[in-house]
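Enquirer: Take this structure, written in structure tokens, and hold onto it; I'll ask about it next.
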Amino acid sequence: MPRLRDEWHCYTLDALTEVANIGAGNAITALSQLLNKKIYMNIVQVEVKDISEISKIYPEEDCFIVANIIELVGDLRAVLMFVLEEESAKEIISVVLNKKVNNLHELDELELSLLSEFGNILAGNYLNAIGTFVNLTIKQSTPKIVMDMATAIMSIPLIEFCDEYLDTLLIRTYFECEQILLQGNYLFILDKKTERKLMKAVNSYYE
Numbered sequence: 005m006p007r008l009r010d011e012w013h014c015y016t017l018d019a020l021t022e023v024a025n026i027g028a029g030n031a032i033t034a035l036s037q038l039l040n041k042k043i044y045m046n047i048v049q050v051e052v053k054d055i056s057e058i059s060k061i062y063p064e065e066d067c068f069i070v071a072n073i074i075e076l077v078g079d080l081r082a083v084l085m086f087v088l089e090e091e092s093a094k095e096i097i098s099v100v101l102n103k104k105v106n107n108l109h110e111l112d113e114l115e116l117s118l119l120s121e122f123g124n125i126l127a128g129n130y131l132n133a134i135g136t137f138v139n140l141t142i143k144q145s146t147p148k149i150v151m152d153m154a155t156a157i158m159s160i161p162l163i164e165f166c167d168e169y170l171d172t173l174l175i176r177t178y179f180e181c182e183q184i185l186l187q188g189n190y191l192f193i194l195d196k197k198t199e200r201k202l203m204k205a206v207n208s209y210y211e
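Each residue of the sequence shown is one higher than the last, beginning at 5 in this note's numbering.
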């Protein structure tokens, strides 16, 4: 079966960037209303990577990250991770709750809930945009949030899904809240059939 990394051309990534921007726009609207703060977000790059390469996205051994993980079931089977690096996660808490966080290991219930809701809104709206694009209803698992060293979290998809999930869309994003620039990455890990459906949807989009 053809692979995303082998067959998809520039116009394909352009289309997926457009989908990501739609999802980001919806997410930012929802976040701005929820937090009562103006937020801006840009999709800066969309790449296709083999699942074995995602552990290299955060190569620093001491990189600590926060990841919201959602598994898709039904017509589309995939895993979506929205990842924040430690400093970006701390800044979100600082800006929204007006309090300084020194250690993500010691978050209280409100702080953890904020990071969870932040990631879930961003991930959920991206999934809705994908569902609209391929004209399918997406069923998803209950989102879960994990915090650990990047090497540990990035190994989860490789260990659990490498037999069925081959390719990963890496979507690099930057967003701004109250003049503070933050970075987050989407990792959309696809199984073979979902990969084919996305290919077909993109081809239909350009017909």
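Even for Gly, the Cβ is constructed at its ideal location relative to N, Cα and C.
Source: prediction; values computed, not measured.
Based on Cα-Cα distance, which residue from L186, Y44, F137 lies nearest to T198?
Expert: That would be F137, whose Cα lies nearest to the Cα of T198.
Enquirer: Are V87 and K94 touching if we call contact CB-CB under 7 Å?
Expert: No, Cβ-Cβ distance for V87 and K94 is not below 7 Å.
Enquirer: Considering Cα atoms alone, identify which of L162, G188, L131 is closest to V23.
Expert: Ranking L162, G188, L131 by Cα distance to V23 puts L131 first.
Enquirer: When the Cα atoms are used, what is the spatial distance from V77 to P147?
Expert: If you take the alpha carbons of V77 and P147, they lie about 13 Å apart.
Enquirer: In chain order, what residues of the same chain have a beta carbon less than 6 Å from the beta carbon of E115, not counting five sequence neighbours either side?
Expert: Closer than 6 Å at Cβ, skipping near neighbours: I97.
Enquirer: Does the stretch 119 to 130 touch the stretch 29 to 44, meaning 3 or more C-beta pairs lie closer than 8 Å?
Expert: Contact holds: three or more Cβ-Cβ distances are below 8 Å.
Enquirer: On the DSSP letters alone, give me the boundaries of the alpha helix (DSSP H) that V99 sits inside.
Expert: Looking at the DSSP string, the run of the alpha helix (DSSP H) that includes V99 is 90 to 101.
Enquirer: Select from F192, F179, S92 the residue whose C-alpha is nearest the C-alpha of L4.
Expert: With the chain represented from 5 up to 211, any question about residue 4 goes unanswered, as that position is not in the structure.
Enquirer: Buried or exposed, going by whether 16 or more other CB atoms sit within 10 Å of the CB of A156?
Expert: The residue is exposed, with fewer than 16 neighbouring Cβ atoms inside 10 Å.
Enquirer: Looking only at C-alpha atoms, which of E51, L111, I55, G135 sits nearest to L80?
Expert: Per the Cα distances, G135.
Enquirer: Which one of K42, H109, T16, L140 has the shortest CA to CA distance from Q49?
Expert: The candidate whose alpha carbon is nearest that of Q49 is T16.
Enquirer: CA-CA distance, D195 and E182?
Expert: Distance between the alpha carbons of D195 and E182: 38 Å.
Enquirer: Name the two residues that bound the continuous beta strand (DSSP E) containing G188.
Expert: Counting along the chain, the beta strand (DSSP E) containing G188 begins and ends at 184 to 195.
Enquirer: Give the secondary structure of V206 by DSSP, where H, G and I count as helix, E and B as strand, and everything else as coil.
Expert: The answer is helix: DSSP assigns V206 an H, G or I state.
Enquirer: Quick one: Cα of I175 to Cα of D66, how far?
Expert: So the alpha carbons of these two residues sit roughly 22 Å apart.
Enquirer: So, under 8 Å CB-CB, N46 and N129 are touching, yes? Tell me the CB distance rounded to an integer number of Å.
Expert: Rounded, the Cβ-Cβ distance is 15 Å, inconsistent with contact.
Enquirer: So, is E89 buried or exposed, given that buried needs 16 or more other C-beta atoms within 10 angstroms?
Expert: It is buried - the Cβ of E89 has at least 16 other Cβ atoms within 10 Å.
Enquirer: For V150, which option in L101, N139, I73 has the closest C-alpha, if you only look at C-alpha atoms?
Expert: For V150, the nearest C-alpha among the options comes from I73.
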